[in-house]
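This report concerns only the one structure given below.
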Amino acid sequence: MSLTSDDPRDLKLAPREWLFLGLSILFWAGFVVYLGKDTSWDFRNYHWYIPYAYLHGRMGFDVVVAHQASYYNPFLDIPFYELATKTPVWFALAVLGAVQGANVVPLYLIARQSLRMDEYRLGAATLALLGQTGGLTLGLLGLHYYDNVMSVFILSGIAILVVNARALREGSLIKTALWTALAGFLVGITPGLKLPEAPFALGFAAGLIVLGGDWKHQGTRLFAGAVGGIAGFALFSAWWMVQMDHLTGNPLFPYFNDHFHSTLALARPYRDLRFVPTHFWREVLYPILFAEDWSVADDLPYRDIRVALAYVSVIAAGIVWAFGRRSKDPLVSPRATAVLFAFAAVSYVVWLKVFAIYRYIVLLEMLAPILIAAAVGLLPMPRRAQLLTLAGLFFAALLLTRADFLERAPLESPYVSIALPKFDDPKHTMVLMTGNSPMGFIVPEMPPAIPVLRIDGWMLQPKDGTLLTKEMRARVKAFKGALYLIADSFDMTRAHDAVLDYDLIIDWPKCVLFDTNLAGEYQLCPLSPKPPGWKPGPR
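In the numbering used here, each residue's number is its place in the sequence shown (first place is 1) plus 205.
As structure tokens, then:
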């Protein structure tokens, strides 16, 4: 017999359920090892550099090496950096894959405790696996964007609400507070480590509200959830924000500098607003648009229709529900459905207004199969028709899914290796970087005595008039040792122009080409002061 809509289900997992979860995690760990090392733009730009810079006290010693990301909270990247520098490469990647694969646990628990059908374990396993095989979900495996790591914490917080829905609505106020605070803490960790996860915190608050109950339970949940969320955020972000405020005058530097007005940078938001829709109908149709063309909402290629299907089916179910023609035997618990719908809807709307970058809602791609099942399960159709409809939708989703795996590097040690020529006197050497290319990963392989200043890039340019640029100009002018340039080998014209703005010229005959074990070819060139009356010649 299937359970009624609000009957609690024993959370004690059978051995075969533990086996399923364990094998799933091991599979994704092995799959990431098989794929190899991340060579993505972001990894080479900052995921390897900022933990190194923090651990070696280089803040202020180097300047803007990784563009805006030079000032990101490094705590998210430190665990993998420590693993990759102290353990075999395959082991570090396996741990990363296992953590990313651990999304299967909260997905399975949410589905297991929500489904109202006889074969709920099989249904939950199916939905969890469908959630892990989305186009970008697969493409992000083994990469260091960490959206699919933060999702483990957020989905775990939602799982706590779904699993304990009745207790949080009717049970002991102390237990209600403790469970909600734990869930809030897990969700609060994520914007503390990665600010673009903030929309999910608001979605979590919406989930707390729709759980219902008397005013005591409502108030207890909201208060405890807020306290837990603030504690999680503060634990991983407060200290860093204080340091940034002290160093730059902006706790989120350089972002939102149009509000904080740090004198070091321009009064600009510095956010990526390329994808935010500006017209009403584009907003309304956005999930359809990025399902048809990934470049509408992201720089990473993928193909997936899960979020679009969830978007359409949830709206359809909501309309049917509003007219009172919902199923008398819903496939998913109505209480769980309310929590999931509220969480997804609020998170999505906030994301759409602030970011609209698809990678930031890869969590919703994972949760989409459960959302679709909940929506279809509300429609006034026989159970058999509901299941056949879901089978058709999921088959279409799998058929149209395409994961584009970015190029990976072999599992050779060390994790990062740079064929950089030796410097004669590192203690009296300074390196300047130019251009937009990702070069932060080079710095940890250089002698630590060498300061690195990116005088030209996404964030700063030689003639931008910022205080940071003025300070770099003064520092370069006062430096008495050897000056070198590092730039992408295909971007040397820009490099020439940038150093010329610093009254420096490139000693072209002495330039040395070097490569790395990840990607890219770079030039190392000596620099010298521009002679009086110097005019550029052929290069």
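Glycine included, C-beta positions come from ideal geometry on N, C-alpha and C.
As assigned by DSSP and simplified to three states, the class of residue i
i, result
"residue 269", "coil"
"residue 337", "coil"
"residue 720", "strand"
"residue 298", "helix"
"residue 613", "strand"
"residue 322", "coil"
"residue 207", "Note that residue 207 has pLDDT 37, beneath the 50 cutoff, so the model's placement of it is unreliable and no number is given."
"residue 533", "coil"
"residue 214", "coil"
"residue 691", "strand"
"residue 525", "helix"
"residue 507", "strand"
"residue 642", "coil"
"residue 446", "helix"
"residue 654", "coil"
"residue 737", "coil"
"residue 242", "strand"
"residue 276", "helix"
Neighbour-count burial assignment, residue i, 16 or more Cβ in a 10 Å radius
i, result
"residue 725", "buried"
"residue 216", "exposed"
"residue 733", "exposed"
"residue 252", "buried"
"residue 474", "exposed"
"residue 206", "Its pLDDT being 30, under 50, residue 206 is placed unreliably by the model, and the measurement read from it follows with that caveat. So residue 206 ends up on the exposed side."
"residue 394", "buried"
"residue 468", "exposed"
"residue 233", "buried"
"residue 242", "buried"
"residue 230", "buried"
"residue 377", "exposed"
"residue 542", "buried"
"residue 511", "buried"
Alpha-carbon to alpha-carbon, residue j and residue i
i, j, result
"residue 440", "residue 707", "42 angstroms"
"residue 263", "residue 348", "25 angstroms"
"residue 537", "residue 321", "5 angstroms"
"residue 464", "residue 694", "38 angstroms"
"residue 730", "residue 718", "9 angstroms"
"residue 209", "residue 357", "Confidence in residue 209 is poor, its pLDDT being 41 and thus under 50, which makes the residue's placement too unreliable to answer from."
"residue 696", "residue 711", "13 angstroms"
"residue 293", "residue 326", "37 angstroms"
"residue 223", "residue 453", "49 angstroms"
"residue 408", "residue 276", "27 angstroms"
"residue 551", "residue 399", "19 angstroms"
"residue 354", "residue 303", "10 angstroms"
"residue 363", "residue 388", "7 angstroms"
"residue 673", "residue 449", "14 angstroms"
"residue 258", "residue 313", "38 angstroms"
"residue 583", "residue 599", "17 angstroms"
"residue 442", "residue 455", "14 angstroms"
"residue 265", "residue 345", "32 angstroms"
CB of residue i within 7 angstroms of CB of residue j, strictly
i, j, result
"residue 336", "residue 574", "yes"
"residue 621", "residue 636", "no"
"residue 240", "residue 507", "no"
"residue 676", "residue 339", "no"
"residue 690", "residue 700", "yes"
"residue 249", "residue 646", "yes"
"residue 670", "residue 272", "no"
"residue 334", "residue 374", "no"
"residue 577", "residue 514", "yes"
"residue 295", "residue 237", "no"
"residue 562", "residue 495", "no"
"residue 436", "residue 390", "yes"
"residue 360", "residue 311", "yes"
"residue 593", "residue 244", "no"
Any non-hydrogen atom of the ligand FAD closer than 6 angstroms to residue i Cβ
i, result
"residue 702", "As far as ligands go, the structure on display features none, and thus does not contain the ligand FAD."
Spatially closest choice to residue i from the options, by CA coordinates
i, options, result
"residue 290", "604, 225, 650, 581", "650"
"residue 745", "696, 717, 641", "Nothing can be reported for residue 745, as the shown portion of the chain is limited to 206 through 744."
"residue 367", "315, 338, 403, 643", "315"
"residue 433", "377, 684, 392", "392"
"residue 225", "329, 396, 672, 603", "329"
"residue 624", "648, 615, 633, 634", "648"
"residue 422", "530, 469, 370, 438", "370"
"residue 486", "518, 543, 557, 420", "557"
"residue 568", "351, 287, 267, 446", "351"
"residue 630", "218, 653, 560, 618", "653"
"residue 476", "256, 245, 595, 664", "664"
"residue 306", "402, 472, 668, 235", "235"
"residue 683", "644, 488, 633", "633"
Minimum Cβ-Cβ distance from residue i to chain D less than 7 angstroms
i, result
"residue 389", "Absence of chain D from the displayed structure is noted, only one protein chain being present."
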